[in-house]
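Down below is the structure, laid out as structure tokens.
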Amino acid sequence: MIFYFTATGNCLDIAKRLDKEIYSIAQIKERGKYKADKIGIVAPTYAFDIPQNVKEFLKNNEFETDYFYFVLTYGNKTGGVEERVHRFMNEIGKKVSYINSLLMVDNFLPGYDLAEQLKMNKKIDENFAKIKKDIENRVDFVKAETETDRKDYEIMLSYNFDFKYMNKYIVTDDCIGCGICAKVCPKSCIEIVDKRAKQDNTNCLTCLACVNACPKKALKFPIPNERFPYPEPNPNVRFKNPNVTLQEIIKSNCQE
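In this note's numbering, the protein residues as written are 7 to 262.
Structural data, given as structure tokens:
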């Protein structure tokens, strides 16, 4: 049994490779108690932590299993997220046997040129095979935080820009009102009004599912400013995991 959260398909790809019984966290509306021989969480890393909706899911539900594990996807650095998640789980009284991370394509558009990301050989299959073997063998392991991880996390915290500002995407005149952005949003932040996407990003997770899924690239980041002085390196390239369909992402996240 696996619970996952996905925006552009990376975590859904990994969840499908690990187990046949998978559930989207974005689609679970009621509190529950889950029982299985193994229970896994597959989640992305945002700002060296797991998304808020994943934390809420973990807090609000009960899990009965002999082997509780996490696979966390990331695109560049982990910042010690594994031990941070371990501490969080201890704080909410839930025991974890295994936490590891997997380097994948980084889809954080303000930070990386996706064209360059797609050229990199991140050895995804090779590294995934090691993690899968660990889980099959019920290895007890939490990836240790290094001094470099700690420094990376401290640097991230020292940034002066407002992270919340990163979800203020612009809907350009290229929008055709197709509604795909609304369907892939796990928090119902977008609706189609008068054949145009309209945003209310109050609950936005900054997962970038909407920006990446737009077929016209009509959702873009604003011109750099004092609060968020970083231009998007390549606004002409977007990402969806090649092993996942758009319909699978919609099914995972759509709130209609």
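By construction, the Cβ of each residue, glycine as well, lies at the ideal position given by its N, Cα and C atoms.
- Cβ neighbours of D25 within its own chain (closer than 6 Å, five residues either side excluded): I8.
- Beta-bridge partners assigned by DSSP to S107: L78.
- As computed with DSSP, Q205 is found in a beta bridge with I196.
- Boundaries of the alpha helix (DSSP H) harbouring Y159: 153-164, taken from the DSSP string.
- Taken through DSSP and simplified to helix, strand or coil, K61 comes out as helix.
- At a Cβ-Cβ threshold of 7 Å, L78 and S107 count as neighbours.
- Exclusion of the five residues before and after P241 leaves K226 as the residues of its chain whose Cβ lies within less than 6 Å of its Cβ.
- Counted as a single uninterrupted DSSP element, the alpha helix (DSSP H) harbouring A215 occupies residues 215-219.
- DSSP places D140 within a helical segment (H, G or I) once states are collapsed to three.
- The residues E197, in chain order, have a CB closer than 6 Å to that of K204 in the same chain once the five nearest residues on each side in sequence are set aside.
- Within the same chain, K83, G85 come within 6 Å of D158 by CB-CB distance, once the 5 residues on both sides are set aside.
- Per DSSP, A49 is one residue of the beta strand (DSSP E) stretching across 44-50.
- When the beta-carbon positions are compared, E70 and K44 stay at least 7 Å from each other.
- Contact between G38 and N67 holds: CB atoms are separated by about 6 Å, below the 8 Å threshold.
- When the alpha-carbon of K101 is set against those of E132, I47, F245, Y29, the nearest one is in I47.
- I186 counts as buried, since at least 16 other C-beta atoms from the protein chains shown sit within 10 angstroms of its C-beta.
- Residue pairing by DSSP places V148 opposite I105 in a beta bridge.
- Exposed is the label assigned to T178, since fewer than 16 other Cβ atoms lie within 10 Å of its Cβ.
- A distance below 6 Å between beta-carbons, with the five flanking residues on each side excluded, links C220 to the following residues of its chain, in chain order: C187.
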